[in-house]
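>
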DNA sequence: AACGTTGTGTACATCGTTGTAAAGACATCC
DNA sequence: GGATGTCTTTACAACGATGTACACAACGTT
């Protein structure tokens, strides 16, 4: 059976509080006593019970990161960043997959688990500002991403409009004139898709290119298969595009698969650019040009906000942070030559 | 502030125990009382404090899955399976990244977090049987993978030797004679790499092909870059291979990238097969042949073992389960023609 | 009238930990 | 000798939930 502080106290012949003092590094413990207790701790392999510690009002050293789908590389890579950087705060990160389902997301922010953790970072898909406001749980919360930019909580995002704009401007600079977009979500307002679409249209306007609704492909999710399917439809058009901006890398890789399978050369016939800069894009053939959000910075900013929030007395003003991105040009948009 | 059972009791004008009874569905609560309590519960948005419940000896409904690297697609996909299937038991899965570091793995199995969870599933990289035996924590534990097949705990794995054997036999059946292997780990005994190497050699023997140590490439990790680097070295040989068995898909995709970049055709010049069947291999060009472990079955078996172990009185015999795999032939090993 | 049965509610102790308060030991100072 | 101060250790309560034990009513049954 796992040893409790009481067992240790009995073995060392001191009170439980003294053991607690040793465990927590309280300074006024006689050297001899400390040693005695330490021996007992080691012999019994004592591990503090985090449930008890937490119940007593303390910290567990755990924070949770909730993402829609862990098998989506962007989220996996982001999660890895969090795990890595959280060490600087002495935190362990538990990852929670919500599958983008409202019930799961609500459960997460409403505190089912938050009685166990010190802080919470959520990348929401279905949650609305109303849910956030109705929240009673006081566990420090930070939101990631584009949804819910106006909810009264700390928030980290990137400038999606500018990112999309940069991607499409890059395609236009290559001399492409029929630039398609894969990833719109007409039925969801205010999300990532809407912002990237806005950037797409903005870039077309600036490049004095016509906006052709037939070149904008809607999708239900942001997976490879969606990109592959959308690309099929684009190639079946009377006038297929000569470039495609995909709203994420996964769809771009699916699109490239379709293009190559149908005998189109990338980038010669059709240039492709994605968004997210997942590792896969560095090893695909061709390698994938993309808009690279600074994932490390996102994680760093979010952790800092959680940290501040844990320290903060009451309800300081919600903070808004924006992480950088950069355009990464690889083979899939290499200039002809 | 989050409402406790006490707040609810005060509001409903009953004792805390009565509230507890309502929450837990105890049958002998008068309809009127139940309704009163329910109203108070709803109004206050009560959520049970899992720390307290757990401390008292109860369940939290949480289990943890610890994997080395969440950004490795195999683990991400496996984790997603666990999350999905755990619902059948009413469990929520928390994912924990150990980075394959001994300290992290030890911390996980020795119970730092297990005071918070009902069960634990670990895919170890560095842990040894000694650590498992020294474990004092009684949280039900199930191990995944090939390491530690002899530790006294429940265990789920696949037949790696047979899987590797099938992959290499497939290459031999295509008429390939110089079949390389990427992924050996000479300094680690008993792990995945050793077993897959064994299967490789077994298949060569059966196909009456010579074993050429120069064709076996060691790696430190199982990432894309390792596969790409190893492939470079193989192509620099006097007599390069005409087929490659990579010990996982990620390295296979890295190897394919190198091959294509250096002008080799896949599969015509060099056939490539991997292991794991990650989704990425269905969308790469060429699509990737692979040995596909039944991830759903792995998750299902592991969850069943944890479930049994939670129910089991004391220490029932450790169980050993083996999940199936199948050979998936795609473009990267398509017969010439 | 005495007793059991069934249903409904409550008081209390407990899980492991740590903050608070306070007690004891010893030294120092006037 | 008594007051003061510095260490060192301890007893106790509390965090929130729930199992145990019991009180009390309402209803039979003998």
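Residue numbers (my numbering), protein chains in the order written: chain A, 8 to 344; chain B, 8 to 344.
Built from N, CA and C at the ideal position, the CB exists for glycine as well.
Since the model is a prediction, treat every value here as computed from it, not as a measurement.
1) Please decide whether residue 87 of chain B counts as near chain A, where near means a Cβ-Cβ distance under 8 Å.
2) In angstroms with no decimal places, state the Cα-to-Cα distance between residue 349 of chain A and residue 333 of chain A.
3) Can you give the beta carbon distance from residue 120 of chain A to residue 51 of chain B, rounded, assuming they're within the 8 Å contact cut?
4) Quick one: Cα of residue 226 of chain B to Cα of residue 45 of chain A, how far?
5) Return no unless some Cβ of chain B is closer than 8 Å to the Cβ of residue 64 of chain A.
6) Can you round the beta-carbon distance between residue 129 of chain B and residue 109 of chain B to whole angstroms, since I take them to be within the 8 Å contact cut?
7) Answer yes or no: do residue 298 of chain B and residue 277 of chain B have a C-beta to C-beta separation smaller than 8 Å?
8) I'd like to know if residue 291 of chain A contacts chain B, where contact means its C-beta is closer than 8 Å to some C-beta of that chain.
9) Would you kindly work out how many angstroms separate the C-alpha atoms of residue 325 of chain A and residue 72 of chain A, rounded to a whole number?
10) Taking 8 Å as the CB-CB limit, is residue 314 of chain A close to chain B?
11) Just the C-alpha distance for residue 329 of chain A and residue 146 of chain B, rounded to the nearest angstrom, thanks.
12) Let's see if you can read the secondary structure: which residues bound the alpha helix (DSSP H) around residue 173 of chain A?
13) Which residue or residues does DSSP assign as beta-bridge partners of residue 224 of chain A?
14) Helix, strand or coil for residue 83 of chain B? Go by DSSP, reduced to three states.
15) What are the residues of the segment 47-58 of chain B that lie near chain A, defined by any Cβ-Cβ distance shorter than 7 Å?
16) Kindly indicate which three-state DSSP category residue 161 of chain A falls into: helix, strand or coil?
17) With distances taken between CB atoms, is the gap from residue 165 of chain A to residue 253 of chain A smaller than 8 Å?
18) How about residue 18 of chain A: is its C-beta nearer than 8 Å to some C-beta of chain B?
19) Please confirm if residue 144 of chain B has its CB atom under 8 Å from at least one CB of chain A.
20) Can you list, in chain order, the residues of its chain whose CB lies under 8 Å from that of residue 107 of chain A, leaving out five sequence neighbours each side?
21) Return the chain-ordered list of same chain residues with a C-beta closer than 6 Å to the C-beta of residue 265 of chain A, the five sequence neighbours on each side being excluded.
22) What residues in the segment 221-251 of chain B bring their beta carbon closer than 9 Å to a beta carbon of chain A?
23) Quick one: does residue 61 of chain A have its CB under 8 Å from some CB of chain B?
24) What is the residue span of the beta strand (DSSP E) that residue 333 of chain A lies within?
25) Along the chain, where does the alpha helix (DSSP H) that runs through residue 303 of chain B open and close?
26) Measure the Cβ-Cβ separation of residue 222 of chain A and residue 185 of chain A and say whether it is below 8 Å.
27) Rounding to the nearest angstrom, what Cα-Cα distance links residue 179 of chain A and residue 205 of chain A in this structure?
28) Over the uninterrupted beta strand (DSSP E) stretch that includes residue 7 of chain A, give me the two end residues.
29) Is the number of C-beta pairs between the segment 28-45 of chain B and the segment 58-67 of chain B that are closer than 8 Å three or more?
30) Answer with yes or no whether the minimum CB distance from residue 84 of chain B to chain A is below 8 Å.
31) In chain A, which residues lie with their C-beta within 9 Å of the C-beta of residue 119 of chain B?
32) Under 8 Å, with one C-beta from each stretch per pair, do the segment 88-101 of chain A and the segment 306-315 of chain A reach the 3-pair mark?
33) Rounded to the nearest angstrom, what separates residue 22 of chain B and residue 230 of chain B at their Cα positions?
34) Is the distance from the Cβ of residue 126 of chain A to the Cβ of residue 70 of chain A below 8 Å?
35) Going along the chain, which residues of its own chain have a beta-carbon closer than 8 Å to the beta-carbon of residue 337 of chain A, five neighbours each way excluded?
36) Starting from residue 110 of chain B and walking both ways along the alpha helix (DSSP H), at which residues does that stretch end?
A quick look at the data gives this:
1) Against chain A, the CB of residue 87 of chain B has a partner CB under 8 Å away; the residue lies at that interface.
2) Because residue 349 of chain A is not part of the residues shown, which for chain A are 8 to 344, the question remains open.
3) With 8 Å as the limit, residue 120 of chain A and residue 51 of chain B do not qualify as a contact, their Cβ atoms being about 19 Å apart.
4) One Cα belongs to residue 226 of chain B, the other to residue 45 of chain A, and the distance between them is close to 42 Å.
5) Among the CB atoms of chain B, none fall inside 8 Å of the CB of residue 64 of chain A.
6) About 12 Å separates the beta carbon of residue 129 of chain B from that of residue 109 of chain B, a gap too long to meet the 8 Å contact definition.
7) The answer is no: Cβ separation not under 8 Å.
8) Yes, because at least one Cβ of chain B sits closer than 8 Å to the Cβ of residue 291 of chain A.
9) Pairing residue 325 of chain A with residue 72 of chain A, the inter-Cα distance amounts to about 19 Å.
10) Not one chain B Cβ lies under 8 Å of residue 314 of chain A.
11) So the two alpha carbons sit approximately 42 Å from each other.
12) Its alpha helix (DSSP H) spans residues 167-180.
13) Assignment of beta-bridge partners to residue 224 of chain A by DSSP yields A:189.
14) The answer is helix: DSSP assigns residue 83 of chain B an H, G or I state.
15) Hits within the stretch, in order: 52, 54, 56, 57, 58.
16) Strand, per DSSP.
17) Their beta carbons are not under 8 Å apart, which means residue 165 of chain A does not touch residue 253 of chain A by this criterion.
18) No, because no Cβ of chain B sits closer than 8 Å to the Cβ of residue 18 of chain A.
19) Using a CB distance cut-off of 8 Å, residue 144 of chain B counts as an interface residue toward chain A.
20) Cβ within range, chain order: 75, 76, 132, 133.
21) Once the five neighbours on either side are set aside, the close Cβ partners of residue 265 of chain A are 235, 238, 239.
22) Taking 9 Å as the Cβ-Cβ cut-off, the segment 221-251 of chain B approaches chain A at 230, 231, 232, 234, 235, given in chain order.
23) Yes, its Cβ sits closer than 8 Å to a Cβ of chain B.
24) Its beta strand (DSSP E) spans residues 332-335.
25) Residue 303 of chain B -> alpha helix (DSSP H) spans 302-318.
26) A Cβ-Cβ contact shorter than 8 Å links residue 222 of chain A with residue 185 of chain A.
27) Cα to Cα, the separation comes out at about 16 Å.
28) What is shown of chain A runs 8 to 344, which leaves residue 7 of chain A out entirely.
29) No, they do not touch.
30) So yes, residue 84 of chain B belongs to the interface.
31) Per Cβ cutoff of 9 Å: 54, 55, 57, 68, 99.
32) Contact holds between the segment 88-101 of chain A and the segment 306-315 of chain A, because three or more Cβ pairs, one in each stretch, are under 8 Å apart.
33) One C-alpha to the other measures close to 58 Å.
34) Yes. Within cutoff.
35) Residues of the same chain with a CB within less than 8 Å of the CB of residue 337 of chain A, apart from the 5 flanking positions on each side, are 288, 289, 293, 294, 295, 296, 297 in chain order.
36) Boundaries of the alpha helix (DSSP H) harbouring residue 110 of chain B: 109-116, taken from the DSSP string.
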